[in-house]
Every structure is written in structure tokens, then in C-alpha cells.
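Participant: What follows is a single structure, and I will ask about it in a moment.
In the numbering used here, the protein residues as written are 1350 to 2084.
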């Protein structure tokens, strides 16, 4: 063992460890005993005395002292005077040591110790080291702050440290802040590595919605695959109890969360929320998911800062599915129920159950691709058991693909049949719907070499043409159970359907023109893409007319546009760490912008910034969007990080959200502060209506953590997604 290597690295939080008192280095790591000194006196087979720069080394342990006495038959050594002791993961400075070189047990007096790997140090009246590498300290102190930094420390009657588990156990510990005792416990354990350990987590204080709240989480590491966190939340509204149980097995994982307040002081009633979530995966074929949740009222998430859902949640989803996938087959069974927190809206249908089957075969007869699908669903209206329906939908698609590096030509024919059995009150109706579909898609690919900043690149030009035809079928007698009109965006160009769901198959007679250009780099692939296109409607959609209750002679129908908005999409990485993404929809019929969404991001190892703008035109002024946002997270110096997000509504001339936070990280502690203001959205349970907006919810949060704590608030990047809107992860910067 080379004793100089023990101090090769300077760990600022571990305190100033003792310097070696000899320049001699043992180049090897001897398993046999080696003793060196300036003077020796040996009594054969009895004792040996050593004085002057004594070095004792054996099997990765080293003792430096002024003098030592070695008892040869017992293989016990006693040393004193400017004594230093070095072992794997442990450094000691003491007045005297007694060590059994056979069992590796040691007794050390008046000790100062360092745990370099754990950046910890302290003092102890005496230390004993067992053959099992267990370190026991009497009347000891512990800290992870540098020397002369009195920010915090722990004093204890006894500290036991397991070198194998890197676990410290304290008997009657007293926590001190700047040497002032502030808290005493009968017992405590601290894990000095990243392994989970039962105990108290760091508390969190926040001021939200005019309420002061204190979280005191208690963590229980039940087993390697199971843990539980119990968090009493104290406020002047009462005690909110939170609990989260998590489990993980080779094929399954999940969590069970519950929150309960027996009597909310503001409403004098019980309030609660709970969530059950389970995931399953077996091999490459089977996957499953189950989620069930509930809440006492529509304002619970907003008022109590729930860990189950964020404060802006407007619905809770309950669903389950089991899926099987292979190269040719896709089988799935689903259950779905959505509970709206806004009681002014009609409840959606529950899906109990939905069964899907899909079969695909490629190169049938060395020429065609075949796809068969079937979907059977039952829909039940919440609180109306006499309003339900069965839907059975089947389709057969035959495609003829001609694909080459220069382009492709794909023609397909699809035949679709849907059977409905609907019940409303006592009336039952049966409907059959048969719809064919024809589609041709042609695409060419051209490319050329280009350069940018002396980088060799490849640019492509890819024109695309598609014709899609679906005849009209009268579907006015079929209710919409899980179907809604798709929003217009860049993905509308080459879609086969205008509705999400199967209750409406819109008649379509249209030609789509598209053009894309990409820039490729050999090492990372696509770094830029520009796409534009438009749909030319050969005839207006009568299905959409039916849904809007318009007659064929209605002036609105006659004025329906003959083409879709002109769509432009841009995504690029102009420089390292920079990313631009933009989407523009221009209404050529009314000659005005219909939708714009742009995001400019800079993302490096420590800095995250994003400037965004969203615009969406709507005939109802209350539904129009014109909003600019900015999010950021970056360091200031070595110890500070600052983060925030600001969103401004240009239509109502007001802020939507303001958030600013700062986190200070010292080497042995940290603190985080944040302040936010968000537009209030509150539901009046008594009158079943939403209260007028314009009021702001204010929230102030404070959290303190230590290096060994499991505080989740240290994850600064997670703060990017705090608030009403999320951080949009750039496409190329994820690579």
C-alpha cells in the first residue's frame, strides 16, 4: 500500500486530514507485517520496541506514530505519540492505539476521524474497530461540513458505523446548528451512500393559497423491492395525511397513494384522494396497465398541493389494459372511465370493455400487404345504466407497396363495417355501416451534398402526393361515444381520418400536396427539417355538415373552404445546444393566421432556457390563444442555481403565471426558495359552476436538505415542469 495515495485527492467537505509524517512509501500492499522505525529494540519471541517515525503496515492498514510496542506471541501492537491510522475508507488521528494484527480489531483513544469516501468527519473519546469492519464510537460527533464550518453537526452518546453497508447508527443524537442544540432524538440512522434507508426525510415548508404548510415525510425501506413514505402535512386547515407505497419486481411495478384529511377546517368535511397504479410486462409480447383513482371534490387538488395530481387537473382517468404483440398479431383488452371534475360538463361514456385484434401480413403473394382489424366495445353512460351501446367494427385493408431508395408508390383499398346496438331508455336500435376507402400515396426522394460551417452534410428534397377517397354515409342516428373532431395541425396532411374514434367516418375526396427538405449529418442523422403542404378538398364533407346541423342549402356550407390551411413545419439545430421548432397554419380562405407555435431552446449540461409563443384563432374570442412564455434554469457561480417561468396572455393583457426560485448548494447543505403566482381556477361545489377568473394563487416554498438526505427537491431539472405549462423537450438535443 502506498500511504501517499490515501491523501491523493482533496475532498473539501471531509475536513483537513493529517499529513503523512514520513516520506517513505510502501510501494506494495503487504499482507505480512512490516514495521519500520529509526530505532528498534527486539526481545526474541517476546516484545519489540520501536521509536522515531514508526511505520506499521499490514494488509491495507497503516499506522504512523512516534513509538510503538509489539507483543510478538499475541501479535498485538500498541502505539502512541502523533499517531495516525489509515485503513480502507477510514482515517484516524489519535493519542494511542491498541491493535490485534491477527483479528484486525483495534482500540483507539482521543480520536479525530475522517470517512473520505463519505465526505464525513468528527471527534470521539474512543473508537473500537471489530474484525467485521464495524466502527464503534463513544461520545462522538459527526458532520459533513469542512473544518471551521459550524453550519451543522450531530453529537451522540454512541455512533456505530458499518463500513460494508456504509450505514451510521446514532444513540440519542443531538442536532446542532452553529454549535447550538436544536433537536434531540432517541435514535437515528444515516445512510452514507445512495442506498435507501428508513428514517426521517428532510421537511418542506410552503405558503400556498393563504395557508402555511409543513411536510414531515417518514421513509420506510420495507424490502429491496418495496418502500413506503408517510407524510403528515400540517396546516391551519388541519392535518393532511399522505402515504405512498411503491413496489418493483422483475415483471411488475406500481404504487398505491392515498391522501386524507379528517376535517378540513375551512369546509368542516372529510376530503381525500387516492391512486392505484400497476404496470406489467413479460418478455417482448405481454404488457399491462391498471390505474384507478378518485377524489372527494373538484377543488381538492388545487387547494391541497396533492402528490397524486397537479393543481390544474380537470379530470381523473381510470383505465386498464392488457396487450399482446408479436410480429403479425396485436391483441388488446381495455377498460376506461373518465371522471370530470367540472360538473357543468356532460359526463363521457365509460368503456366496459373494449377488445381489439389486429393481424398484419407483409408481402402476401410476394406483392401485397394485408391488414385485418376488429374492435368490439361497450359504452355505458355514467349514472344512466339504461343508456348504453355495443359497437363492433371490422376492417380489411389490402396494400400494394412499390418502394425503392428513390421513392415509393403505395396504393391501398380498405373495407370497413360497423355494427351498432344502441339503447336509450326503453328504445333499442340497430345500425349497420359499410364504408370503403381508396388511397394512393406517391413520394420521391432527391438528395445532394452540401456544407455548413465546413461540415459535410446531405440535403434531401422529398415531394409527396396523396389522393384519398371515402364515400358519404349518413351517420346522424349514431351517437358519438368516444369520437371528436381532430384538431388541425401539421399532422393533418396525410391522415386518413378527420375524427378521433370510430363513430364518425367522414366522407373524403381530397388531394394532399406536400414537400419536405431535410439536412442530414452522417454522425447523428437528421439535424433540420422543413415541411409544407396543403389539402385540396374536391368536395366538402357532408359528415361534418351533419355534425354542425347544416342543410345542403345553408350559406355556411356553401362557404366551406375548398382547401385546408397551408401548413409549414420547421425543426432544426442550427448550432450545438440550440434547437428551433415551429409550426404555422395559414388560413388561405380568410387570409389570416390560424395557428402558430414556436419554441427556441438552449440546453447544455447545466443551462436550460426556452422561449415559446402560441397563437390560435377561434371564432369565439374567449377560446382564442395568444401567449408568450419563457422558462429558464442556470447556475450563478459555483453554488447558486436560479430557475423560473413567465407566461403572458396578449389578449387579456395580463400574466398567466409567474414563478421564480433559487437554490443554494454548499458542500454540506443546501436550501431552496421559490415563489409563484398562477391564475386561480376554482370550482364552486355549492352552485356547480366555475368562479370568475382574474384572481391569482400565490405559493411560497422553502426546503432544506443535507448531502445524505433523500430530498427529491434537489432535482433542479424537475422544476422546469412545475407550473401550468411544461418544458418542451427539444427533439435533437435529446440525442
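Built from N, CA and C at the ideal position, the CB exists for glycine as well.
Every value quoted in this text rests on a predicted model; they were computed, and no experiment measured them.
Can you tell me the Cα-Cα spacing of residue 2079 and residue 1463, whole angstroms?
Facilitator: The straight-line gap from Cα to Cα measures roughly 44 Å.
Participant: Could you compute how far the alpha carbon of residue 1910 sits from the alpha carbon of residue 1691?
Facilitator: Roughly 35 Å separates the two Cα atoms.
Participant: Spell out a yes or no on whether the segment 1733-1745 and the segment 1760-1768 are touching, meaning 3 or more CB-CB pairs, one atom from each, closer than 8 Å.
Facilitator: Touching, yes.
Participant: Name the two residues that bound the continuous beta strand (DSSP E) containing residue 1415.
Facilitator: Unbroken beta strand (DSSP E) run through residue 1415: 1410-1420.
Participant: Could you spell out where the beta strand (DSSP E) holding residue 1818 opens and where it closes?
Facilitator: Taken as a continuous stretch (DSSP letters only), the beta strand (DSSP E) holding residue 1818 covers 1804-1819.
Participant: Applying the 10 Å Cβ sphere with the 16-neighbour rule, what's the burial state of residue 1888?
Facilitator: So residue 1888 ends up on the exposed side.
Participant: From this set, 1419, 1388, 1565, 1465, which residue's C-alpha is nearest residue 2054's C-alpha?
Facilitator: Checked all of 1419, 1388, 1565, 1465; the closest Cα to residue 2054 is 1565.
Participant: So, helix, strand or coil for residue 2007, using DSSP?
Facilitator: Strand, per DSSP.
Participant: In this structure, does DSSP put residue 1939 in helix, strand or coil?
Facilitator: Coil at residue 1939, not helix or strand.
Participant: Can the beta-carbon of residue 1601 be found less than 7 Å from the beta-carbon of residue 1593?
Facilitator: Taking 7 Å as the Cβ cut-off, residue 1601 and residue 1593 do not qualify as a contacting pair.
Participant: Secondary structure at residue 2100, three-state DSSP: helix, strand or coil?
Facilitator: Residue numbering for the chain in the displayed model covers 1350 to 2084; residue 2100 lies beyond these limits and cannot be assessed.
Participant: Between the C-alpha atoms of residue 1466 and residue 1438, what's the straight-line distance to the nearest angstrom?
Facilitator: Roughly 6 Å separates the two Cα atoms.
Participant: Might you give, ordered along the chain, the residues of its own chain that have their beta carbon closer than 6 Å to the beta carbon of residue 2018, omitting 5 neighbours on each side?
Facilitator: For residue 2018, where only same-chain residues beyond five positions count, the Cβ hits under 6 Å are 1500, 2055.
Participant: Compute the distance between the beta-carbons of residue 2012 and residue 1990, then report whether it is under 7 Å.
Facilitator: Going by C-beta atoms, residue 2012 is nearer than 7 Å to residue 1990.
Participant: Buried or exposed for residue 1657, going by 16 or more other Cβ atoms inside 10 Å?
Facilitator: Residue 1657 comes out buried.
Participant: Are the segment 1659-1668 and the segment 1628-1635 touching, with three or more C-beta to C-beta distances below 8 Å?
Facilitator: Flag = no, the segment 1659-1668 and the segment 1628-1635 do not touch.
Participant: Could you check which residue in 1488, 1540, 1551, 1530 has the C-alpha nearest to that of residue 1520?
Facilitator: The residue with the shortest Cα to Cα distance from residue 1520 is 1488.
Participant: Taking all protein chains shown into account, do 16 or more other C-beta atoms lie within 10 angstroms of the C-beta of residue 2071, making it buried, or fewer, making it exposed?
Facilitator: By the neighbour-count rule (16 or more Cβ atoms within 10 Å), residue 2071 is buried.
Participant: Let's test the definition: count the other Cβ atoms within 10 Å of the Cβ of residue 1897 and tell me whether it reaches 16, buried, or not, exposed.
Facilitator: Exposed is the call here.
Participant: Figure out for me which residue from 1509, 1472, 1646 has the closest Cα to the Cα of residue 1336.
Facilitator: Residue 1336 is absent from the structure shown; the chain starts at 1350 and stops at 2084.
Participant: Going by CA-CA distance only, name the one from 1969, 1830, 1818, 1874 that's closest to residue 1736.
Facilitator: Measuring from the Cα of residue 1736, the nearest candidate turns out to be 1830.
Participant: With a cut-off of 8 Å on the beta carbons, I'd call residue 1668 and residue 1685 a contact; round off their distance for me.
Facilitator: At roughly 4 Å, the Cβ-Cβ gap stays under 8 Å, so residue 1668 and residue 1685 are in contact.
Participant: Excluding the 5 residues flanking residue 1672 on each side, which residues of the same chain have their C-beta closer than 6 Å to its C-beta?
Facilitator: So the list reads 1636, 1681, once near-sequence residues are dropped.
Participant: For residue 1572 and residue 1536, what's the separation of their Cα atoms in angstroms?
Facilitator: Answer to the nearest angstrom: the Cα atoms are 21 Å apart.
Participant: So what's residue 1497 in DSSP terms, helix, strand or just coil?
Facilitator: Coil at residue 1497, not helix or strand.
Participant: Compare the C-alpha of residue 1973 against each of 1425, 1954, 1999 and name the closest.
Facilitator: Here the closest residue by C-alpha is 1999.
Participant: Go ahead and label residue 1575 buried or exposed: buried means 16 or more other beta carbons lie within 10 angstroms of its beta carbon, across all protein chains shown.
Facilitator: It counts as exposed.
Participant: Can you find at least 3 beta carbon pairs, one from the segment 1937-1949 and one from the segment 1860-1870, that sit closer than 8 Å?
Facilitator: The segment 1937-1949 is not in contact with the segment 1860-1870.
Participant: Judging by CA-CA distance, which residue of 1848, 1724, 1931 is the nearest neighbour of residue 1835?
Facilitator: Among 1848, 1724, 1931, the Cα nearest to that of residue 1835 belongs to 1848.
Participant: Short of 6 Å in beta carbon distance, which residues of its chain neighbour residue 1877, apart from the five on each side in sequence? Order them along the chain.
Facilitator: Taken in chain order, the residues that qualify are 1868, 1921.
Participant: On the CB-based measure, 16 or more other CB atoms within 10 Å of its CB, does residue 1900 come out buried or exposed?
Facilitator: No answer about residue 1900 holds up, because its pLDDT of 47 lies below 50 and its placement is not dependable.
Participant: Closest to residue 1820 by CA distance: which of 1804, 1841, 1850, 1782 is it?
Facilitator: For residue 1820, the nearest C-alpha among the options comes from 1782.
Participant: Distance, Cα to Cα, residue 1714 vs residue 1749?
Facilitator: Going by the C-alpha atoms only, they are around 11 Å apart.
Participant: Cβ atoms of residue 1943 and residue 1966: under 7 Å apart, would you say?
Facilitator: Going by C-beta atoms, residue 1966 is nearer than 7 Å to residue 1943.
Participant: For residue 1971, which of helix, strand or coil comes out of DSSP?
Facilitator: Here residue 1971 sits in helix by DSSP.
Participant: Pick from 1882, 1941, 1925, 1913: whose alpha carbon is nearest that of residue 1919?
Facilitator: Closest option to residue 1919, Cα to Cα, is 1882.
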